[in-house]
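Note sheet for the following structure.
2 protein chains.
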Amino acid sequence: MKKKISILGSTGSIGVNTLEVISSAPDRFEVVGLACGTQVSVLEKQIEDFHPKMVSVGKEDLARGLQQKFPHLEVLWGEEGLVSLAKDSRTDLVVSALVGARGIEPTLAAIESKKDIALANKEVLVAAGALIMPEVHRHGVRLLPIDSEHSALFQVFENHNRNSIEKIILTASGGPFLHRPKETFPLVVPEEALKHPRWSMGKRITIDSATLMNKGFEMIEACWLFDLSPSQIEVVVHPQSIIHSLISYRDGNMLACLSAPDMKAPISYALSYPERISTEVVRLNLAKVKELTFLEPDVEKFPLLKLSYEVAKKGDVYPAVMNAADEIAVEAFLRRQISFVQIPQLISETVSAYQESFPLSLEGILGADAWGRRKAEELIKVLS
Amino acid sequence: MKKKISILGSTGSIGVNTLEVISSAPDRFEVVGLACGTQVSVLEKQIEDFHPKMVSVGKEDLARGLQQKFPHLEVLWGEEGLVSLAKDSRTDLVVSALVGARGIEPTLAAIESKKDIALANKEVLVAAGALIMPEVHRHGVRLLPIDSEHSALFQVFENHNRNSIEKIILTASGGPFLHRPKETFPLVVPEEALKHPRWSMGKRITIDSATLMNKGFEMIEACWLFDLSPSQIEVVVHPQSIIHSLISYRDGNMLACLSAPDMKAPISYALSYPERISTEVVRLNLAKVKELTFLEPDVEKFPLLKLSYEVAKKGDVYPAVMNAADEIAVEAFLRRQISFVQIPQLISETVSAYQESFPLSLEGILGADAWGRRKAEELIKVLS
């Protein structure tokens, strides 16, 4: 029987790669639903190619236009549309690939409707891990990571030896500014920060990779996924992005997953788990790669990595606040409203200013998220 | 309940490391039997430290001397002693760590007596895989590899995805002559060949590493252990010996095991499988390692690697003949009777000369082994 899949964020980089994996194994997968924000022309092509039963778009007028073109298709819109699509009873697995905290609610809805989740939207765990993980366990669904680092860890995670895990080593490409002197960071323009050396991704995650905020988020995500504390997670810079992460067991053996930097490798594993399907991912030839290099991350140059450990230890809704501040800071940087070095400054100040007491419920986390955004916006006015 | 362990080859490098692992987890393991050849003074110390119930040594006079010193110990000797020790009903797991083809018979006896096997003696599978593997399956015992390469593969081998394995990549340190020009190979003296850059091992395996014969043996061993054909196994030179081998799955993901070059990492896994115990193996710090490098093996410089693929494809008792010729060639080289470049020549000529028809039984394989030795000895007389 085919696995029935819905994709939240089908026109983004993960969504497009997911559809490529699906189209390479049409005997195994079937698309039930597709959701995107505003890229309706891309969505239209996806509708023609994959014949979903339902779609959801960001705004009502976009939905109306689509409905006219595809009269037999169920067309939804807005946050409500996302949630309905995530809960639909025809779906087995929901690919959660929206960007930012707005993915939390539909992902939670999918879990509560007993869908397995293939998770690319890391903010779901960063901001709402305390809420999401108990629901995952309660409903007995699978939470399958799509991030290459977490997929790597998931692939070599021995469930029966979970107490024998000494630590996890997250690899980081180091981003575009690995070798750029810190003194020149104030001069960084968005065009430079958007040039990621290894991965072609959305804008937000590309900037987050340039500041290493992304690696901090991944550390928090790994804590939730693998039930570890921040002190059990180390980051090592590995510019080639070929070893995607490693687990170090207490017997001195480290297990790792390697592949060419192609998101179809982790995506296919999340879709086909526990089996493995054929993909056209370029095969790695280590003799051609020649060398894999490693170095310590420079936390002076990339203060957000250090901040993320502090925030992870604080727990509570602090990660949601940090994530909210980062979303705002990245947008402001891309608008040239703040400088590159003001990104960490803004996030750090927002986190420091947090003295509210939002509960760890969906409302509380979304409240903390909204608070973080407002506070960051306020601080931008002071800074700029 | 403690796992009861006997070690065939307790005074060699693997045996000594195994006892170190055992002594670090005295609540988990207990030594039942120890067997060695002639290093009786080392064995005496092991008897005092580990209180085995029985021991076996190479010769009768050595056994007599030991019996006088340890009147309450069961002391055996010779091939018969090895077999009795391997079969003893008090043992759960036999560490097969003899050197060469003489390990075949006691290992087979242990399998037939339903012992799990921790296998370091690769000739057991190289020469007698066709005999050993059906017995392993028939008696439902575990065959747990100790070689670092095969342990690595075993650790990332997904049994439910065995049909999704595309290939295996065996890593090779390249040995001491990786960068030595081929033209100077005729001048290699035993002292140079015995200096392995990464591992401290017995003499035979160290020379086999210098000729890459060892990697050829490992390729054949991997075929048997993981039910693969030689064409599914590649060799890549990795001088740091940190990635111990990799499995490439059909989705483009490669799983690998890494550790500091310390045999206690794979040994502990074989002893504690499927669990993992704490060891004092030095933990790998990739940022300190800095780089891992890879290159294609040079089959012109190391013709035995190529020969091993040809021999593996021929199958039958050819691998036993190749192994026998190698044992004789290495001994002759260490005695300075033949030169370094005559090792592959001798092995190749012995294999080419084989036209007998020994059956794939224990007697047949031991017959082919004896034939290979005789033929190699004859050829040495011509060469030297």
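One line per chain: the protein sequences are A and B, in this order.
Yeah, the first sequence ends on 384 if you go by the numbering used here, and it's all consecutive.
Yeah, the second sequence ends on 1384 if you go by the numbering used here, and it's all consecutive.
Ideal Cβ placement from N, Cα and C applies to all residues, glycine included.
Remember, it's a predicted structure, so these values are computed and weren't measured experimentally.
| Query | Result |
| --- | --- |
| Length at least 3, wholly inside the region 1155–1196 of chain B: the beta strand (DSSP E) runs in chain order | 1165–1172 |
| C-alpha gap between E378 of chain A and L304 of chain A, whole angstroms | 20 Å |
| Proximity winner among B:I1380, B:T1018, B:Q1068 and B:I1247, relative to N1163 of chain B (alpha-carbon distances) | B:I1247 |
| Where R276 of chain A falls, given that 16 or more other Cβ within 10 Å makes a residue buried | buried |
| Residue range of the beta strand (DSSP E) that includes D116 of chain A | D116 to L119 |
| Residues of its chain near W1224 of chain B, where Cβ-Cβ distance is below 7 Å and the 5 sequence neighbours each way are ignored | L1125, G1129 and M1133 |
| Three-way DSSP call (helix, strand, coil) for K1003 of chain B in this model | strand |
| Rounded straight-line distance, which links the Cα of C36 of chain A to that of K59 of chain A | 10 Å |
| Near-chain B residues of the region 251–262 of chain A - C-beta to any C-beta below 8 Å | D251, G252, N253, M254, L255, A256, C257, L258, S259, A260 and D262 |
| Among B:Q1039, B:I1169 and B:E1221, nearest to H1238 of chain B - alpha-carbon criterion | B:I1169 |
| Residue-level contact to chain B via CB, K290 of chain A, 9 Å cutoff | yes |
| Neighbourhood of L1194 of chain B by C-beta distance below 6 Å, restricted to the same chain and skipping five residues each side | T1206 |
| Among B:I1243, B:S1231 and B:E1191, nearest to S1173 of chain B - alpha-carbon criterion | B:I1243 |
| contact_flag[the region 1013–1021 of chain B, the region 1261–1269 of chain B] where n(CB pairs < 8 Å) is 3 or more | yes |
| Chain-ordered neighbours of T279 of chain A on chain D, where CB pairs are closer than 7 Å | Looking at the structure shown, chain D is missing, and the protein chains on hand are A and B. |
| Per-residue DSSP class, three states only, for I1277 of chain B | coil |
| Identity of the residues DSSP links to T1107 of chain B by a beta bridge | None, per the DSSP bridge assignment. |
| Rounded separation between A287 of chain A and E1291 of chain B - CA only | 14 Å |
| S1268 of chain B: contacting residues in chain A (beta-carbon distance under 9 Å) | D251, G252 and N253 |
| Segment contact flag, the region 343–357 of chain A with the region 306–321 of chain A, C-beta cutoff 8 Å, min 3 pairs | yes |
| Neighbour list for L295 of chain A in chain B, Cβ cutoff strictly below 8 Å | A1287 and K1290 |
| Close Cβ partners of E1148 of chain B (< 6 Å) along its chain, the five nearest in sequence each way excluded | The amino acid occupying residue 1148 of chain B in the given sequence is Ser; Glu does not appear at that position. Once the five neighbours on either side are set aside, the close Cβ partners of S1148 of chain B are H1244 and P1266. |
| For F29 of chain A, three-class secondary structure by DSSP | strand |
| Rounded straight-line distance, which links the Cα of L66 of chain A to that of S384 of chain A | 40 Å |
| Three CB pairs or more closer than 8 Å across the region 67–76 of chain A and the region 324–340 of chain A | no |
| Residue-level contact to chain A via CB, P1274 of chain B, 9 Å cutoff | yes |
| Expected contact under 8 Å - CB spacing of V99 of chain A and G9 of chain A to nearest Å | 7 Å |
| Contiguous beta strand (DSSP E) assignments of at least 3 residues, all confined to the region 1202–1274 of chain B | 1233–1237, 1243–1249 and 1254–1258 |
| Interfacial residues, the region 1150–1162 of chain B to chain A, with Cβ spacing under 9 Å | S1151, A1152, Q1155, V1156, E1158, H1160 and N1161 |
| Simplified DSSP assignment, three categories, for S56 of chain A | strand |
| Per-residue contacts from V1236 of chain B into chain A (C-beta, under 7 Å) | L286 and A287 |
| First through last residue of the alpha helix (DSSP H) which encompasses T1018 of chain B | S1013 to S1024 |
| Residue burial classification, V317 of chain A (beta-carbon count within 10 angstroms, cutoff 16) | buried |
| Residues of the region 1163–1182 of chain B with Cβ closer than 8 Å to any Cβ of chain A, in chain order | S1164, E1166 and I1169 |
| Beta-bridge pairing of E1074 of chain B - partner residues as DSSP gives them | B:M1054 |
| Limits of the unbroken alpha helix (DSSP H) element including P359 of chain A | No alpha helix (DSSP H) holds P359 of chain A; DSSP gives it neither H nor E. |
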